[in-house]
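Q: If you read the sequence shown in UniProt numbering, its first letter stands for residue 1, the second for the next number, and so on. We put the beta carbon where it would ideally sit given N, CA and C, even for glycine.
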Amino acid sequence: MPRLSDCHYLVCLRTQRGFTLIELMIVVTLLGIFAAIAVPSFTQFINKSRTQSFNNELLSLLQYTRSTAVEQRTFLKVCKATIDSGDAWAVKKVCDDDDEDPLRTLDVPEKLQVTASVDEIAFRYNGTGTDAQLITCQGSDFANGFTIDIKASGSIQSWPRGKKETSTNMTACQ
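(1) With a cut-off of 8 Å on the beta carbons, I'd call Gln52 and Phe146 a contact; round off their distance for me.
(2) Report yes or no: do three or more beta-carbon pairs, one from the stretch 113 to 121 and one from the stretch 77 to 97, lie closer than 8 Å?
(3) Are Pro109 and Arg17 closer than 8 Å when you measure CB to CB?
(4) If you run the structure through DSSP and keep just helix, strand and coil, what is Thr29?
(5) Under 8 Å: do the stretch 110 to 117 and the stretch 128 to 141 share three or more Cβ pairs, one atom per stretch?
(6) In terms of residues, what are the limits of the beta strand (DSSP E) holding Gly18?
(7) Give me the Cα-Cα distance between Asp98 and Ile83, rounded to the nearest whole angstrom.
(8) Please work out which residues of its chain come closer than 7 Å, Cβ to Cβ, to residue 222, disregarding the five sequence neighbours upstream and downstream, and give them in chain order.
(9) Grouping DSSP H, G and I as helix and E and B as strand, with all else coil, what is Thr51?
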């Protein structure tokens, strides 16, 4: 029997012990709407992050090659290579020598493409290098691509997302 304090205007209140089906359907619908809004933005964020992360790894590979060439007083090259999992970039002394084990390799993720202005980038014992440009894009999305410039002096410059130079926007992934 309900206590008198639980009753209001002679109607006794029942204590709730869960959610009604309508409340549950409203919550599930709202979650679906939020997910539909968030997933495309999250996918775009993941793609941008993947491109930027690979660009940073490629920049590190180039800097490693240059510093190793200077440190070991030798001639090293960064070469485009094909491995079982797809495309890669490898640090070697001779690019055409398949028997030589690379000092370091960097796999290119499936959805990314790297376009190079030259077939191989060389760094000499004095730090100078091949004048080259590398462009990293996902598909044809040049607005979110990255450009790395290597000067003959050996300097390596990575430009901000979507830029070819300080004030020049990328117009293609080539």
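A: Judging by the given coordinates:
(1) 7 Å
(2) yes
(3) no
(4) helix
(5) yes
(6) Taken as a continuous stretch (DSSP letters only), Gly18 belongs to no beta strand (DSSP E), as it is neither H nor E.
(7) 11 Å
(8) Outside the shown range of the chain, which is 1 to 174, sits residue 222, and nothing can be said about it.
(9) helix
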